[in-house]
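J.: Protein chains in written order, with the working numbering: chain A, 1 to 63; chain B, 1 to 63; chain C, 1 to 63; chain D, 1 to 63; chain E, 1 to 63; chain F, 1 to 63.
There are 6 protein chains.
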Amino acid sequence: MPVITIDLGTMANKEKKGELVQALTEAASTVTQIPAEKFIVFIKEMDRDNIGVGGKLLSDTIK
Amino acid sequence: MPVITIDLGTMANKEKKGELVQALTEAASTVTQIPAEKFIVFIKEMDRDNIGVGGKLLSDTIK
Amino acid sequence: MPVITIDLGTMANKEKKGELVQALTEAASTVTQIPAEKFIVFIKEMDRDNIGVGGKLLSDTIK
Amino acid sequence: MPVITIDLGTMANKEKKGELVQALTEAASTVTQIPAEKFIVFIKEMDRDNIGVGGKLLSDTIK
Amino acid sequence: MPVITIDLGTMANKEKKGELVQALTEAASTVTQIPAEKFIVFIKEMDRDNIGVGGKLLSDTIK
Amino acid sequence: MPVITIDLGTMANKEKKGELVQALTEAASTVTQIPAEKFIVFIKEMDRDNIGVGGKLLSDTIK
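In structure tokens, the structure reads:
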């Protein structure tokens with residue numbers, strides 16, 4: 001039942017997403033002792049135009 | 001003012017989204033006695049590559 | 001796997017929360033044809049001091 | 001570290017998003033006295049087919 | 001209808017929360033040209049034990 | 001800048017929260033190659049009365 005949501009910029013490919021889901025699930029399952037199959041992970045990708053850090057768009061600060 | 005957010009895979013079409021918004025709003029309004037017009041619903045669709053269940057991508061487990 | 005989150009003010013009691021969870025799950029399951037047991041619901045209660053509508057705190061507008 | 005997330009319909013252009021990120025960051029920094037560079041802003045745009053108000057899709061109520 | 005959510009540590013008092021709700025609403029309304037009364041703000045306070053920055057708990061890094 | 005949010009039941013103690021923040025940060029940093037110090041983690045604990053699985057409250061299904 002625990003739900004892990006990660007908000008970040010766009011990811012490279014499906015393979016990396018698979019690795020991320022697995023790594024986050026294993027990390028949380030190990031610490032909480034909640035079985036891995038109970039975990040849900042949402043990868044919420046955003047365009048750099050939609051992310052602000054320190055008041056500036058990420059697309060203006062990372063070239 | 002209550003906000004209902006549903007995170008799920010991609011939905012079939014606009015008609016189904018309309019039904020979902022109506023059904024969730026009516027269900028919550030009936031139980032909470034808060035008038036239906038106060039409710040906001042966000043349908044957050046995600047690709048199956050962006051959803052993990054039990055450490056695996058949904059796109060790898062549901063064909 | 002779908003996750004329904006409802007953000008609202010504090011609720012009356014556990015019984016009402018049970019009704020809300022059941023009603024939201026049934027509503028969404030019926031429309032999406034996804035089995036009820038796949039659904040997770042999070043009830044996120046907030047104090048009226050922590051909710052703003054139209055620029056004012058709910059605790060200042062609802063007596 | 002504070003994270004501001006704004007859920008809304010699709011925005012006009014990148015320039016407006018830059019203004020929104022700056023305005024939200026400055027507003028929150030001024031009130032909380034937390035330095036602006038600590039703030040993260042996520043602009044979560046949604047299609048009007050994915051937003052419900054009062055039980056109806058926004059795409060059906062706003063022409 | 002736009003919903004602004006701010007996730008941060010515990011705030012000082014109700015008065016500051018009122019200022020924050022007003023400031024965020026005005027900032028977003030001015031930029032988007034959406035009337036202020038349409039905006040909802042959620043202030044999601046968290047204990048420093050529940051916030052991690054750079055892999056460490058905020059309660060261990062800020063004395 | 002990436003933000004990891006974990007929604008789950010109440011956790012045992014601060015020490016476990018520290019382990020969880022560290023484990024999630026390291027897991028995500030390793031896969032994404034984004035430096036650990038850029039990551040924010042929010043632990044969102046909820047009472048079992050506020051969590052529904054399969055239409056039932058967790059407090060009614062887990063004794």
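Ideal Cβ positions, reconstructed from N, Cα and C, are used throughout, including at glycine. Fair warning: this is a prediction, and the values are worked out from it, not measured in the lab.
Within 8 Å, do at least three Cβ pairs link the segment 32–45 of chain C to the segment 48–59 of chain D?
T.: Taking 8 Å as the limit for Cβ pairs, the verdict is that the segment 32–45 of chain C does not touch the segment 48–59 of chain D.
J.: Using a cut-off of 9 Å between C-beta atoms, extract the partners of I40/B located in chain E.
T.: Residues of chain E passing the Cβ test: M1, V3 and I40.
J.: Starting from E26/E, trace the alpha helix (DSSP H) in both directions and tell me its first and last residue.
T.: Segment K14 to T32, the alpha helix (DSSP H) holding E26/E.
J.: Helix, strand or coil: how does DSSP classify D47/C here?
T.: Correct three-state label for D47/C: coil.
J.: Does any CB atom of chain D fall closer than 9 Å to the CB of V21/B?
T.: It does; some Cβ of chain D falls within 9 Å.
J.: Would you mind giving the Cβ-Cβ distance between F39/F and A23/F, rounded to the nearest angstrom? I have them listed as a contact below 8 Å.
T.: About 12 Å; that fails the 8 Å criterion.
J.: Compare the C-alpha of L58/A against each of G55/D, L57/D, V41/D and L58/D and name the closest.
T.: Minimum Cα distance to L58/A is reached at V41/D.
J.: When we look at the beta-carbon of T25/A and count the other beta-carbons within 10 Å, is it buried (16 or more) or exposed?
T.: So T25/A counts as buried.
J.: What does DSSP give as the partner residue(s) for G9/F in the beta ladder?
T.: Answer is M46/F.
J.: Would you mind working out which of L20/B, K14/B, G55/B and M11/B sits nearest V3/A, comparing C-alpha positions?
T.: Checking every option, the nearest Cα to that of V3/A belongs to G55/B.
J.: Since I believe V31/A is in contact with L20/F (beta carbons under 8 Å), could you give me their beta-carbon distance rounded to a whole number of angstroms?
T.: L20/F to V31/A, Cβ: 5 Å. Contact.
J.: Using a Cβ-Cβ cut-off of 9 Å, state whether S29/C counts as contacting chain F.
T.: Yes, S29/C counts as interfacial toward chain F.
J.: With a threshold of 16 other CB atoms inside 10 Å of the CB of I6/C, please say whether the residue is buried or exposed.
T.: Label assigned to I6/C: buried.
J.: Are the CB atoms of G18/E and D60/C nearer to each other than 9 Å?
T.: Cβ distance < 9 Å, so G18/E and D60/C count as in contact.
J.: Which residues in the same chain have their Cβ closer than 7 Å to the Cβ of I34/E, if we skip the five residues on either side of it in sequence?
T.: Counting only Cβ-Cβ distances below 7 Å, and skipping sequence neighbours, we find P2.
J.: Considering only residues of the same chain and omitting the five flanking positions on each side of E37/F, which have a CB-CB separation below 6 Å?
T.: For E37/F, where only same-chain residues beyond five positions count, there are no Cβ hits under 6 Å.
J.: Counting contacts by CB-CB distance shorter than 9 Å, is M11/E in contact with chain F?
T.: Closer than 9 Å: no.
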